[in-house]
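Numbering (the numbering used here), first residue to last: 480 to 744. The structure appears below as structure tokens.
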């Protein structure tokens, strides 16, 4: 894994933090924060190769966790950013076997564990499957952790009165959320190699859902900024681009605040 950001917590005797871990095929991030006040104190973010398999990711994760020297934790939350996921209406999700739904969409895989997370504001359930080896390793190091799909957290950001295409960029993948007419129209992840790949997929989403790239909002978060080739490519087609703004109630340490907030939102 390659280091993207490494902002270590400034520890004093007896200090302890809450820890948020996001894990996906191409990203591993540790976010250290306090709750009272709510403040992001430090970040430790790594990129994994685009070709990572479950086996290679487990090896990389264990190697990293063995040497991480993590500070004392008051709580641990694990967010999964894996692509094999979908949205189900809450009423249907209670009756359906979500594992069978995922098998139908992505092919049968019996070496996975399924997680379901309710998104009350949308009346939906995020159902996602994760390789058993990956989850077993994480729970070995963080047995106290709560687990949920990161998609559920991203969906909570949405303002129900807003039409928007939201794009969260990772090292080799990106997640797309399309909101239109008060409803979620699409939640999907794509792989990419070049900025052109990202533009192609986003424009295809717009065409399929009658969403105007010239008039509607494209809201970006993750590893992209104004000076990047990816931003330049998207600006050729999308005329109303903005970056996701962090919640005003969330503060950040001096070291973290040197970077754009949308990198980590």
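For every residue, glycine included, the Cβ atom is placed at its ideal position computed from N, Cα and C.
- Within the stretch 566-637, the complete beta strand (DSSP E) segments at least 3 residues long are 591-598, 603-610 and 625-628, listed from N- to C-terminus.
- Collapsing the DSSP output to three states places residue 553 in a strand.
- A direct Cα-Cα distance of roughly 6 Å separates residue 724 from residue 741.
- Uninterrupted alpha helix (DSSP H) stretches at least 4 residues long and entirely within the stretch 684-723 occur at 708-714, given in chain order.
- Considering only 543, 605 and 537, the residue with the shortest C-alpha distance to residue 482 is 543.
- The beta carbon of residue 584 sits closer than 7 Å to the beta carbons of 565 from its chain, once the five residues preceding and following it are set aside; these are given in chain order.
- Contact between the stretch 577-591 and the stretch 510-521 is absent, with fewer than three C-beta pairs closer than 8 Å.
- Taking 9 Å as the cut-off, the Cβ atoms of residue 504 and residue 651 count as close.
- Excluding the 5 residues flanking it on each side, residue 625 has same chain C-beta neighbours closer than 8 Å at 554, 555, 556 and 557, in chain order.
- Assignment of beta-bridge partners to residue 542 by DSSP yields no partner.
- If you check the CB distance, residue 648 and residue 709 come in under 9 Å.
- Nearest neighbour of residue 703 by Cα position, chosen from 716, 683, 674 and 486, turns out to be 674.
- A straight-line Cα-Cα distance of about 35 Å links residue 676 and residue 728.
- Sorting 697, 630 and 532 by C-alpha distance to the C-alpha of residue 717 places 697 at the top.
- Per DSSP, residue 527 lies in no beta strand (DSSP E) segment and is marked neither H nor E.
- Here residue 692 is buried: its Cβ has 16 or more other Cβ atoms, across all protein chains shown, within 10 Å.
- Here the C-alpha atom of residue 615 lies approximately 15 Å from the C-alpha atom of residue 535.
- Under a 10 Å Cβ-count criterion, residue 688 is classified as exposed, with fewer than 16 other Cβ atoms of the shown protein chains found around its own Cβ.
- Using a Cβ distance threshold of 9 Å, residue 486 and residue 734 count as a contacting pair.
- When rounded, the separation of the alpha-carbon atoms in residue 618 and residue 541 is 12 Å.
- Residue 736 carries a helical assignment under DSSP once its states are collapsed to helix, strand and coil.
- Between the alpha carbons of residue 664 and residue 658 lies a gap of roughly 6 Å.
- Of the residues 525, 495, 529 and 515, the one whose Cα lies closest to the Cα of residue 672 is 529.
- Taking residue 501 as reference, the option from 629, 643 and 513 with the minimal CA-CA separation is 629.
- Of the residues assessed, residue 721 falls on the exposed side of the cut-off, its CB having fewer than 16 other CB atoms within 10 angstroms.
- Short of 6 Å from the beta carbon of residue 551, and not among the five residues preceding or following it, lie these beta carbons of its own chain, in chain order: 495.
- Short of 7 Å from the beta carbon of residue 610, and not among the five residues preceding or following it, lie these beta carbons of its own chain, in chain order: 533, 590 and 591.
- With respect to the 9 Å criterion, residue 608 and residue 598 are not classified as neighbours on the basis of their beta carbons.
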